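Position 23 of the sequence shown, counted from 1, bears residue number 26 in this note's numbering, the numbering being contiguous throughout. What follows is a short report on a single structure.
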Amino acid sequence: MPPKVDVNDPENARLLTLFQSLNLSGNRAVETLTNPKHVAALESVINDNQLTSKTIDPKASALIISASTANQASDKNSRDYVVSRIVDGSLTSSDQVNAAYKFLANVNGEPDKAAFDKECGVGVVVTPEQCRKAVQDYVASHRSELDPVDGWPKLGSILAGLKATPEMRWASAVDVKNSVDAVLLATYGPKKAPPPKEKKKPAASTSADAKKDAAANAGLVDPDAMFKEGFLANLHKPGENPQIKPELKEQHLAATKAMVMTRFPPEPNGFLHIGHSKAIAVNFGFARYHGGLCYLRYDDTNPEAEEEKYFTSILETVRWLGFEPFKVTYSSDYFQQLYELAVELIKRGKAYVDHSTPEEIKEQRGGPERGPRKPSRFRDRPIEESLQDFEDMKNGKYHPGKVTLRMKQDIENGNPQMWDLIAYRVLEASHHRTGKDWCIYPTYDFTHCLVDSFENISHSLCTTEFILSRESYEWLCDALEVYKPRQSEYGRLALQGTVMSKRKMLKLVKEGYIEDWDDPRMFTLIALRRRGVPPGAILSFISSLGVTTSKTTIQISRFDQAIRQYLEFSTPRLMMVLNPLKVTIQNLPEDHFQELEKPLHPKAPEMGTNKMPFTRTVYIDASDFRTEDSKDYFRLAPGKTVGLLQVPHPITCTSFKTNDKGEPIEVIATYGDASTPKPKTYIQWIAEHAPSNSPVRVDETRIFHQLFTSDDPAAEENYLDRVNPDSLEIVKGAMVEVGFWEVAKKSIEQARVEAAERTKKAEADAAKARSETETADTEGKGARAPERMAEQLVGKELVRFQGMRTAYFALDRLSGDLGLFGDKKEGGKIVLNRIVSLKEDSKKDDNKKGTAGAKKGGK
4 MPPKVDVNDP
14 ENARLLTLFQ
24 SLNLSGNRAV
34 ETLTNPKHVA
44 ALESVINDNQ
54 LTSKTIDPKA
64 SALIISASTA
74 NQASDKNSRD
84 YVVSRIVDGS
94 LTSSDQVNAA
104 YKFLANVNGE
114 PDKAAFDKEC
124 GVGVVVTPEQ
134 CRKAVQDYVA
144 SHRSELDPVD
154 GWPKLGSILA
164 GLKATPEMRW
174 ASAVDVKNSV
184 DAVLLATYGP
194 KKAPPPKEKK
204 KPAASTSADA
214 KKDAAANAGL
224 VDPDAMFKEG
234 FLANLHKPGE
244 NPQIKPELKE
254 QHLAATKAMV
264 MTRFPPEPNG
274 FLHIGHSKAI
284 AVNFGFARYH
294 GGLCYLRYDD
304 TNPEAEEEKY
314 FTSILETVRW
324 LGFEPFKVTY
334 SSDYFQQLYE
344 LAVELIKRGK
354 AYVDHSTPEE
364 IKEQRGGPER
374 GPRKPSRFRD
384 RPIEESLQDF
394 EDMKNGKYHP
404 GKVTLRMKQD
414 IENGNPQMWD
424 LIAYRVLEAS
434 HHRTGKDWCI
444 YPTYDFTHCL
454 VDSFENISHS
464 LCTTEFILSR
474 ESYEWLCDAL
484 EVYKPRQSEY
494 GRLALQGTVM
504 SKRKMLKLVK
514 EGYIEDWDDP
524 RMFTLIALRR
534 RGVPPGAILS
544 FISSLGVTTS
554 KTTIQISRFD
564 QAIRQYLEFS
574 TPRLMMVLNP
584 LKVTIQNLPE
594 DHFQELEKPL
604 HPKAPEMGTN
614 KMPFTRTVYI
624 DASDFRTEDS
634 KDYFRLAPGK
644 TVGLLQVPHP
654 ITCTSFKTND
664 KGEPIEVIAT
674 YGDASTPKPK
684 TYIQWIAEHA
694 PSNSPVRVDE
704 TRIFHQLFTS
714 DDPAAEENYL
724 DRVNPDSLEI
734 VKGAMVEVGF
744 WEVAKKSIEQ
754 ARVEAAERTK
764 KAEADAAKAR
774 SETETADTEG
784 KGARAPERMA
794 EQLVGKELVR
804 FQGMRTAYFA
814 LDRLSGDLGL
824 FGDKKEGGKI
834 VLNRIVSLKE
844 DSKKDDNKKG
854 TAGAKKGGK
């Protein structure tokens, strides 16, 4: 996570004002403050070149920022010369800036202007027509090597070859790319999507290996299964979605190279929940399976409900689930384009400004009685009047609720989504990105399909609640004669016994029933992450359900079982006692010490082993001892013998001590030998041995039960009455074997390496995709690469283990750093969360402890 920036700090405020001279403002400016090197470089270049007194256009500003921050190794004189040539309009591209620095690296003193201009292409102009002709000539001269592969696979070498020719060195990269795309499309047709990679058949294995592999894969589901059959396997191919004009299809295929293009478009007004994980898996997974690309697009058209923390959390959550956005965009990137299309819609006679009140609009739509519908009295007003009124809306003449822009659809259509939907409304709210530039904001119904069109989406995948919207989606694209993506709908995912409504979840937080949005009893994705649920378990669960057009409501127990199956062969096992009971083995000497070695997983030898001490004093779980024996009881009791896991010989209880309440506080036992009969039962234990730092003492172990006592709390008249007062159980003083430290350190170290490698690869893959794929010319100016950081993928919850015979646990974020995150001490508070029990509770209602009454705090 980047450090927080206090924009009200006087120094930060000064820098933000300074950055405005380079058109650097909003979130980008705030983010720049988190990088001291960039701050120093920009402050220096602005002051040294007196840029605050100059008017610099956005394109030149971007070049100056890049020239200042990406070339910090260059000397100040070279930097200032490059900046001056950007300001005077001589250098207009990043290629020229790079050439300039390369030229100046070999110059001492004042550079020769003529030589500089020649080397950097100053004043050289290659028109689009010249570019197209050069590409045609190049392709024609290389047909012998291009024809066998239908041209497209050689795209990279064609671009490199063209750039290597003197006449094309300074051509616009966009013009070159567009020309190559157009020539290849005309010569070889649309680019074919790469076929799914065939999986290699495993080599024949021995029966022992086969058994091991079968065990290791037990219960795991192919994450691509949902794309191979059913709803998602039968979707159209890119280009098969019909268009109102043939050229729209051709332009789309040329821009995307006929690749699958999808998007995940959440509203940044809350934290994502388990239902969103299906949407993420469907959109990102479908694109990845077909070798395509997926945008993360924030649908930020409601400034009254959006907060920065939601934007940050959404990107982190998408990456945590294992997906990498091609680009991050915002609906607000397109506010100007959307406004211009709204004006065009009015000019075409297909939109009008309506002064009807909200109540009148409801009445026009048939009212609550669903009576006859009638058109607004403003529906057929002159186009010029609507154009003027819309301009007045934009200029702040009207207050919210007084006027709207409505689409002129078909009021007699049986589909409510065709009853003259609202396209724009007035809102007196500051937007997180555009500030107060706008006081009119487009609605979802106007924005969604057009931004899909701008971004050349081939498959607009959404849940079935938007089925009726498909008709209005297609109507608007055709009305404006723009590229029309194909919307396809699938059933949403819900879990029994949960609430997914943001309003209801917010009430749980604000009224103290739960700790926060990431309370592990919740089913937000940040809560599941904190609880320790692996992202792979969630994806495996979703894939196992398949994707259909029906809503899927699943029992929580089925989700828990998917988590167990995933953890079974991926999580190390450690001995743990929740409620320690001291055992003194009286026939062992006071200083007895024996180092035992045990596997971290008996069925996964690749996990390795760990060592633990065995001494005269050990602790067992209190549930493994009874003061009175019985025939059907096989654990420790007076006169009874049990085995201690991994210890050579068993122990026998000879006596015990109790406190004033009659509760056992110490068991006295003897240690057997080779002649002692093999016991029927083995129990877990932890030794007392200070030199080995054993035991590891746990401050809090949190056991979570179902938050609600109802299977459908969302349908309850007052769902708060069904909050389970015993949904949180806190156990203090549990113990874990000393191998915990090694498991924890390895988990974090491995995660850091994997996160760094994955982030680096994702950056390279995305850069390659951006160089090979052009989106629509109208793509928003704010479209950018995701702010990928390895830190987004590393957290304390990665320390997971199975407490043998107990449950699966993960380290909670409230724990100290424990020497895992750069500090030197192994001390600090340890808080564990139970991820899931080892098996489904035998009593169906065990997870619903307590009564229907609710206690704030949820305990």
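Where is the CB? At the ideal position from N, CA and C, for every residue including glycine. Treat the numbers as computed from the prediction; the structure is a model and nothing was measured.
Measure the beta-carbon distance from residue i to residue j and round it to whole angstroms, keeping in mind my assumption that it falls under 8 Å.
i, j, result
"Pro667", "Thr661", "5 Å"
"Ser750", "Leu821", "At roughly 11 Å, the Cβ-Cβ gap does not stay under 8 Å, so Ser750 and Leu821 are not in contact."
"Tyr516", "Leu723", "7 Å"
"Ala257", "Ala185", "6 Å"
"Val502", "Pro716", "6 Å"
"His652", "Thr679", "6 Å"
"Val86", "Ile59", "With 8 Å as the limit, Val86 and Ile59 do not qualify as a contact, their Cβ atoms being about 10 Å apart."
"Met578", "Glu740", "4 Å"
"Leu814", "Ala754", "No, Leu814 and Ala754 are not in contact; Cβ-Cβ is about 12 Å, not under 8 Å."
"Lys735", "Asp714", "Rounded, the Cβ-Cβ distance is 32 Å, inconsistent with contact."
"Ile414", "Pro378", "5 Å"
"Cys442", "Glu458", "Incorrect: roughly 26 Å between the Cβ atoms, too far for contact."
Could you tell me the alpha carbon to alpha carbon distance between residue i and residue j, rounded to whole angstroms?
i, j, result
"Asp331", "Trp688", "Looking at the sequence shown, residue 331 is not Asp but Val. If you take the alpha carbons of Val331 and Trp688, they lie about 51 Å apart."
"Lys807", "Ser47", "Residue identity check: residue 807 is Met in the sequence provided, not Lys. One C-alpha to the other measures close to 60 Å."
"Val142", "Gly164", "10 Å"
"Gln391", "Asn398", "10 Å"
"Glu598", "Ala690", "11 Å"
"Asn38", "Ala32", "11 Å"
"Ala217", "Trp323", "Because the pLDDT at Ala217 is just 40, under 50, the model does not fix this residue reliably, and the point stays unresolved."
"Val550", "Phe544", "12 Å"
"Gln254", "Glu372", "46 Å"
"Glu310", "Asn15", "21 Å"
"Gly104", "Cys134", "A small fix is needed here, since residue 104 is Tyr in this sequence, not Gly. Approximately 26 Å between the Cα atoms of the pair."
"Phe106", "Leu66", "17 Å"
"Ala234", "Trp422", "For the sequence presented, residue 234 should be read as Phe rather than Ala. Those two C-alpha atoms are separated by around 30 Å."
"Val839", "Ile317", "25 Å"
"Glu363", "Tyr569", "55 Å"
"Val177", "Gly742", "57 Å"
"Lys766", "His604", "In the sequence as displayed, the identity of residue 766 is Glu instead of Lys. Distance between the alpha carbons of Glu766 and His604 is about 35 Å."
"Ala640", "Arg629", "5 Å"
"Pro682", "Met738", "24 Å"
With a threshold of 16 other CB atoms inside 10 Å of the CB of residue i, please say whether the residue is buried or exposed.
i, result
"Tyr636", "exposed"
"His402", "exposed"
"Asp303", "buried"
"Asn111", "exposed"
"Asp357", "buried"
"Glu571", "buried"
"Ala530", "buried"
"Gln589", "exposed"
"Val128", "exposed"
"Thr863", "The shown model of the chain, from 4 to 862, leaves out residue 863, and the question about it has no answer."
"Gly646", "buried"
"Glu434", "As written in the sequence, residue 434 is His, which differs from the Glu given in the question. His434 should be labelled buried."
"Asp9", "exposed"
"Pro592", "exposed"
"Val183", "buried"
"Ser472", "buried"
Hey, is residue i close to the ligand PLP, as in C-beta under 6 Å from one of its heavy atoms?
i, result
"Pro271", "In the structure shown, the ligand PLP is absent, as is every other ligand, since no ligand is present at all."
The stretch 277-285 contacting the stretch 497-505, beta-carbon criterion three pairs below 8 Å | yes
Inspect the CB distances between the stretch 381-389 and the stretch 332-339 and report whether three or more fall short of 8 Å.
-> no
Is the stretch 345-355 touching the stretch 478-489 in the sense that three or more CB pairs, one from each, lie closer than 8 Å?
-> yes
Given 8 Å as the limit, is there contact between the stretch 119-134 and the stretch 94-109, that is, 3 or more CB pairs closer than that?
-> yes
What runs of the beta strand (DSSP E), each 3 residues or longer, lie entirely inside the stretch 322-381?
-> 331-333, 354-357
Quick check: the stretch 226-238 against the stretch 282-300, are there 3 or more CB pairs under 8 Å?
-> yes
The stretch 704-713 / the stretch 726-735 touching (three or more Cβ pairs under 8 Å) | yes
Please specify which runs of the alpha helix (DSSP H), each continuous and at least 4 residues long, are wholly inside the stretch 7-35, giving them in chain order.
-> 13-22, 29-35
Determine contact between the stretch 511-527 and the stretch 242-250, defined as no fewer than three beta-carbon pairs at a distance below 8 Å.
-> no
Which runs of the alpha helix (DSSP H), 4 residues or longer, sit entirely within the stretch 528-607?
-> 528-534, 538-548, 559-571
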